[in-house]
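Peer 1: Got a structure here, written out as structure tokens. Questions coming.
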Amino acid sequence: MPFIKLVAALAVLAPLASGHFKFVRLSQNGVWKTPLQGIRNNTADFWEDHTIYGVSPFHLRTYMEPTFYGDFPESLRCGRDNMAWANGTEVLTINAGDGIEIAHVRQNPDQWEDSMFYNCPNGRATCYTDGYPADINHPGPLLVHLSKVPDGQDVRTYDGSGEWIKIFTMGLELRPNETNPVHWLPYNNQGLPPRFTFKIPAQVPAGQYLMRMDILWPGYYYDPPYSNLSNVTAQHYPSCGQLNIISDSKTPLPQGVKIPEIFSPNSTGMTTNYSMYELKKLEDGYEYPGGLLWDGEKLIVDKAVR
């Protein structure tokens, strides 16, 4: 299809690699958009020069490499250099209450072929060129946030510096009879991942929004007697959709959080003990990162075990 050639021509492309993943497709009420339709692309290679606190281990990033707290704020919100792509990205009209599904790829744009997006097995929207399902290659929760564009601004020029509200988490479940009892659902032990489906809350008021999608790999700290060793920081793989939400709701949005602040290494859920990192034991009282979860009526503490 022509869009594949367009992406290959426009993107500043990274070397061949399949290191991690990126969300590049979404469906509305079961109808899939084309790859990157309504989703801001990112630039690679890209130099992350704004590192703070020493948590970003390297500066030069390719398309699939992680983003860290301490990178440019815009990078952590919606991916590297996303503002360079925003104006040329479609704004999708979505109704409050619509069902959304998102899908990821494991390969850079210069490797994309139509067979990775069309006629994939089991109705999936992405796969490898041989039809093998696209896996998720690290543990962690799927987090989806919305950020309403301030009055008088346009989503195509909005940098996400306002407040964000978490509307969906796909987290973990405990499987005590397995070797690794902490089972992250998106990761699924790097097997076939679940479908990433959720709804835009019906109570979302009308307006333009950024929708941030990320599977975050929490960092960890060492348990005694190795507490003197340095902590390992979390990894992010964010993408953002540009939405125009149609709604009759008069419900005011709750107070949100700011990005990057909510993803600092000391924020809730961003760092676990080493036992949880190894999937051996859930840390007592663990809460997912990204702030409180809005269920459309109230903010709730987003705990792994409720």
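Taken in order, the sequence shown gives residues -19 to -1, 1 to 287; the numbers are from mature numbering (1 follows the signal peptide of the UniProt record, and there is no 0).
No residue lacks a Cβ here, since even glycine has one placed at the ideal position from N, Cα and C.
(1) Could you tell me whether any Cβ in chain D is nearer than 9 Å to the Cβ of Thr214?
(2) Which residues mark the beginning and the end of the beta strand (DSSP E) in which Ala84 is found?
(3) Compute the Euclidean distance between the alpha carbons of His40 and Glu46, then round it to the nearest angstrom.
(4) Tell me which residues share the same chain as Gly11 and place their Cβ nearer than 8 Å to its Cβ, disregarding the 5 neighbours each side in the sequence.
(5) How long is the line joining the alpha carbons of Ser220 and Arg156, rounded to whole angstroms?
(6) DSSP three-state label for Met45, please.
(7) Out of curiosity, what's the CA-to-CA distance linking Gly222 and Gly188?
(8) Keeping to the same chain, check which residues put their C-beta closer than 7 Å to that of Leu234; ignore five residues upstream and five downstream.
(9) Applying the criterion that 16 or more other CB atoms from any shown protein chain within 10 Å of the CB defines a buried residue, is Thr160 buried or exposed?
(10) With the cut-off set at 9 Å, would you say Met257 and Phe4 are in Cβ contact?
(11) Quick check: what's the CA-CA separation for Met251 versus Thr232?
(12) Can you name the start and end residues of the beta strand (DSSP E) that Tyr190 belongs to?
Peer 2: Working from what's here:
(1) Among the chains of the structure shown, chain D does not appear; only one protein chain is present.
(2) For the purposes of this step, residue 84 is identified with residue 103 of the sequence shown, where counting begins at 1. Counting along the chain, the beta strand (DSSP E) containing Ala84 begins and ends at 80 to 86.
(3) The residue you call residue 40 lines up with position 59 of the sequence shown. The residue you call residue 46 lines up with position 65 of the sequence shown. So the alpha carbons of these two residues sit roughly 11 Å apart.
(4) Residue 11 sits at position 30 when you count from the first residue of the sequence shown. Taken in chain order, the residues that qualify are Gly80, Glu82.
(5) Counted from its first residue, the sequence shown places residue 220 at position 239. Counted from its first residue, the sequence shown places residue 156 at position 175. For Ser220 and Arg156, the distance between alpha carbons rounds to 30 Å.
(6) If you number the sequence shown from 1, residue 45 lands on position 64. Here Met45 sits in coil by DSSP.
(7) In the sequence shown, residue 222 corresponds to position 241, counting from 1. In the sequence shown, residue 188 corresponds to position 207, counting from 1. Answer to the nearest angstrom: the Cα atoms are 14 Å apart.
(8) Position 253 of the sequence shown, counted from the start, is the residue given in the question as residue 234. The answer, listed in chain order, is Lys129, Ile146, Pro186.
(9) As a first step, residue 160 must be located in the sequence shown, where it is residue number 179. Burial call: exposed.
(10) Taking the sequence shown and counting its residues from 1, the one referred to as residue 257 is at position 276. Taking the sequence shown and counting its residues from 1, the one referred to as residue 4 is at position 23. In this structure, Phe4 does not lie closer than 9 Å to Met257 by Cβ.
(11) Start at 1 with the first residue of the sequence shown, and residue 251 comes out as number 270. Start at 1 with the first residue of the sequence shown, and residue 232 comes out as number 251. Using only the alpha carbons, I get a separation of about 30 Å.
(12) Your numbering for residue 190 matches position 209 in the sequence shown. Its beta strand (DSSP E) spans residues 188 to 196.
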